[in-house]
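What follows is a set of notes on a single structure, which appears directly below.
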Amino acid sequence: MDFVRNFPFISIILSLFSGPLSSILSGKWAKRINTAVIAVIGVMSACVLAYVAGTGEEFIYYMGHFPAPWGNEIRVGELEAFMAVFFCIIMLLCMLGGMKERLTQIEESKQNLYYIMVNLLLCSLLALIYTNDLFTAYVFVEINTISACGLIMIRQNGRTFEAAIRYMIMSLLGSGLLLLGLCFLYSVTGHLLMSNIQQQVRLLTAMGEYHIPLMVALCLMSVGLAIKSALYPFHSWLPDAYGYSTVSSAAILSSLVSKGYIFLLIKIFYRVIGFDIICESKVIHVLYVFGIMGMIMGSVSAIREDNIRRMIAYSSVAQVGYIYMGLGLGTEAGVVASIYHVLSHAATKSLLFVAASGLTDASGGSVRFKDLRGAGYRHKLAGIAFMVGSLSMVGLPMFSGFISKLLFSQEAVGHTHKMLPTLIALAVSTVLNAVYFMKTVISIYMPPGEEVELAESRNIAMREQPGKSVALVCFIILNLIMGLNSEPIIHLIETGLGMFR
Amino acid sequence: MSKKVSQEQYEKTFSYKFRQWLDGTKDPFLDTLEMKRQEEFHEDEEVSRQHDEDIRQHVQHAYDLEHNAEVKIFRKIYKVFCVLFCVFLVAMLLEAVSELPTFGEPDNPVNNEVSERYIEKGLQETGAVNIVTGMILDYRAFDTLGESHVLFIATCTVLILLRVDKKGSRDLSETDDRSHEPKNDVILQTVARLLVPPIFLFGIYIILAGHLGPGGGFSGGAVIGAGLILYLNAFGFAMTERFFTAKTYRIMSFGALACYSIAKSYSFYTGANHIESVIPLGEPGAILSSGLILLLNICVGIVVAGTMYTFYVMFRKGGY
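Below is the structure:
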């Protein structure tokens, strides 16, 4: 067996091990270990991606001496490896971009605890990506939930505590529903391994047995993961959690944590139940309707916000709506568009959060639009980055958001029933996106009014915040790459989804 | 024939004292024990009235129901929808559960080749007499590895939330704790002195015999943690900090989890690459048997005990 095949396992264990290791180190060393671990895992995942693309087929890795269904196993395909690489890049940039804020906003003695959370979060994301066993997925969903709570409340003020409590209640409800669905599925199929469950489910649907428990299990799992990834009616935990936590937490939460759950849901659709059975069920239409509602209502809420961080957070609700809308179309190309939007949103939203923190730094820490006027001149790079992010979110050509909108509408045009609502929702949502993002861009490039206290705001040169500058430049490049050179990525997603069968 | 004794002598006899005790004319504890009058708790009416008033004002401030018809209507609708939703959910789940296969039937889907192999070959393949331990620590060890890190990260989150690191507030919480805690309670101390060693021994037994009979790291660790908490309650922080401080916990949990990760990595690596593992399974039933399971049980036990004790300490004082 080639040694590269060990890399997914090594990267999971490495990130798992670095958590307890950080607990006995000082904050400074924990930070170094964390950066090294993320970088090493990114490189290893890239090797795996190259290997899988070379051989052209997935491989199974036993976690122990026993073959699955008895033991645990992980499964590595092209899409999984690509997701791992992408998540590592985004996480590294998020950590880089929020370095200075972490130093000031987190108590010094608790610095190393932050890195424990990040390491274990990375581990759980990797496990969610690679796992081929539903119960393993559940265990790592737990780690993911708890570490996300920790990330929110480590910046200790009243708002973050409230946000963390809200997040915890909603998220645990989601986990509970997922577990309940899993129990139903286990008692009618007798398996926890994804491929074996699919075999059994196909057998049961062919014979027409246990129809109701299967549907209930599917509903419970979909709703559970939808709550955890903030689909529209379940999004109430989101604005506070993203709006008040420290910058790198907000960026990681919005771009990685919720995306991990969406990826798990896609995996459940494809590998556990079978995509054709999903398409025949009504669940897909419910997700579609909620997705459409989220696209519009999220943007409307964002327009009403006076706080730039909360505005970006509400925009996440709209973007998650896009992703579920794509899943709800019920076609392979719709899922490809959704996965592309997962990537594009992850790259753009973390860019926006980091850029917004740069702008608020230049305006004396205020997040109100009134005080942000002229911030684009005071912190030039953050201004440019925010503009790039906004244009990408609105969907201008050249940027990544355009490609995903193009894919969505291309797919919708061929659809018989869902064409009109999808296109209308896309159009309305684009206009609403433009309203609040362009309003922000215009206001950061307006000359500051007289009522703004000029003493508080100051000019920030790029050299003052080297970490943030590097992160912003990388994010901009990533966005442009995804916007200008999307073909190979789309091709990769398509072949990766083909391997899911 | 009875013997006549003087009043003075009679007063010294046991029967006289017993009689007095029955009649209640003498307190047997008088002059023998140091008694301290308990102060009864009187609620200060002024303070509690003020408190109620504060709450009322806050609620009114937050939900001005009289001037805010929207909130009022929302609350009513909210209640109705809550009930409707719960009824719907309960009905749906009951319906689904009634469709499930009957519990305990031999031809249920769960009785397939998976559980068959666990039961028939479990002893042979893992060397553990206790099949459950063999399952969670050998067949599906990856899940348990994740599960023990769930405990670890839960402790870290509680540390983020409750650990008091500032110098001034640390002292404040210390005095706060001391004044509420019953100090040197004789009954508690005597009982703890008797109970704590057997509890520890029993916990250690449960952990060590996890692969031989009912038990294992999770349950044994919980017993040891309970023993630690009892000891802390009886003797106070001064005594426990002689052997269990924040540093001890950090090193212990790191050691245990690192040991677990490394041991299991070895087994995963050899298993996936089809290399023969050098760890012998040993004689089933012996204490040193079933490969890595004993070591893993000890690691899990240490993590669980530390987690329980740390949770208690954090909620009580916010630091060791």
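So the protein sequences, as listed, match chains A and B.
Going by this note's numbering, 215 is the number at position 234 of the first sequence; the sequence numbering is gapless.
Going by this note's numbering, 152 is the number at position 148 of the second sequence; the sequence numbering is gapless.
C-beta atoms are modelled at their ideal positions from N, C-alpha and C, and glycine is treated no differently.
Query                                                                                                                    : Result
Tyr20/B - containing alpha helix (DSSP H), residue span                                                                  : Phe18 to Asp27
7 Å Cβ cut-off: residues of chain B touching Thr170/A                                                                    : Pro113
Stretch pair the region 275 to 282 of chain B + the region 192 to 201 of chain B: three plus CB contacts closer than 8 Å : no
Nearest to Thr112/A (by Cα), restricted to the options Asn93/A, Leu84/A, Gly52/A and Ala328/A                            : Gly52/A
Through-space distance from Thr17/B to Val9/B, alpha-carbon basis                                                        : 10 Å
Spatially closest choice to Met427/A from Thr85/A, Gly346/A and Phe350/A, by CA coordinates                              : Phe350/A
Between the CA atoms of Leu159/A and Phe92/B - distance to the nearest angstrom                                          : 18 Å
Residues from the region -4 to 19 of chain A in contact with chain B, defined by Cβ distance under 9 Å                   : Leu(-3), Phe(-2), Gly0, Pro1, Leu2, Ser4 and Ile5
Cutoff 7 Å: Phe4/B Cβ touching any chain A Cβ                                                                            : Look at the range of chain B in this structure, 5 to 324, and you will see that residue 4/B is not part of it.
Per-residue contacts from Gly305/B into chain A (C-beta, under 7 Å)                                                      : Here the premise fails: no neighbours, minimum Cβ distance about 16 Å.
Sheet register partners of Phe40/A (DSSP bridge)                                                                         : Val57/A
Bridge partners - Asn134/B, DSSP secondary structure assignment                                                          : According to DSSP, Asn134/B bridges with nothing at all.
For Arg349/A: DSSP bridge partner residues                                                                               : Asn288/A
C-alpha gap between Tyr270/B and Ser257/B, whole angstroms                                                               : 20 Å
Spatial distance of Tyr119/A from Gln193/B (CA atoms)                                                                    : 43 Å
Cβ contact (3+ pairs, closer than 8 Å) linking the region 336 to 355 of chain A and the region 287 to 298 of chain A     : yes
Opposing strand residues paired with Asp114/A [DSSP bridges]                                                             : Leu174/A
Separation of Leu212/B from Tyr253/B, as counted between CA atoms                                                        : 21 Å
Collapsed DSSP secondary structure at Ser10/B in the structure displayed                                                 : coil
CA-to-CA distance, Lys83/B to Leu236/B, given in whole angstroms                                                         : 45 Å
Neighbour flag for Thr130/B against chain A, beta carbons, 7 Å                                                           : no
Cα-Cα separation, Pro110/B to Leu104/B                                                                                   : 14 Å
Beta carbon of Ser226/A nearer than 7 Å to that of Arg136/A                                                              : yes
Contact check, Asp168/B vs Gly323/B, beta carbons under 7 Å                                                              : Looking at the sequence shown, residue 168/B is not Asp but Val. The answer is yes: Cβ separation under 7 Å.
Under the three-state DSSP convention, the category Arg83/A falls into                                                   : helix
Secondary structure of Val168/B, DSSP reduced to three states                                                            : coil
Proximal chain B residues relative to Leu94/A, where beta-carbon distance stays under 7 Å                                : Cys160, Leu163 and Ile164
Start-to-end residues for the alpha helix (DSSP H) that takes in Lys268/B                                                : Ala250 to Ala276
C-alpha distance - Val29/A paired with Arg(-14)/A, whole-angstrom precision                                              : 7 Å
Pick from Ala108/A, Gly131/A, Ile471/A and Met80/A that is closest to Gly315/A, judged by C-alpha positions              : Ile471/A
Any C-beta of chain B under 7 Å from that of Pro194/A                                                                    : yes
Pro429/A versus Ala356/A - alpha carbon distance                                                                         : 8 Å
CA nearest to the CA of Ser381/A, picked from Ser373/A, Leu387/A and Leu388/A                                            : Ser373/A
Cβ pair Gly150/B, Leu285/B closer than 7 Å                                                                               : no
Own chain partners of Glu59/A with C-beta closer than 8 Å, once the 5 adjacent residues on each side are dropped         : Leu30, Val33, Ala34, Glu39, Leu473, Thr476, Gly477 and Met480
Cβ of His266/A within 7 Å of any chain B Cβ                                                                              : no
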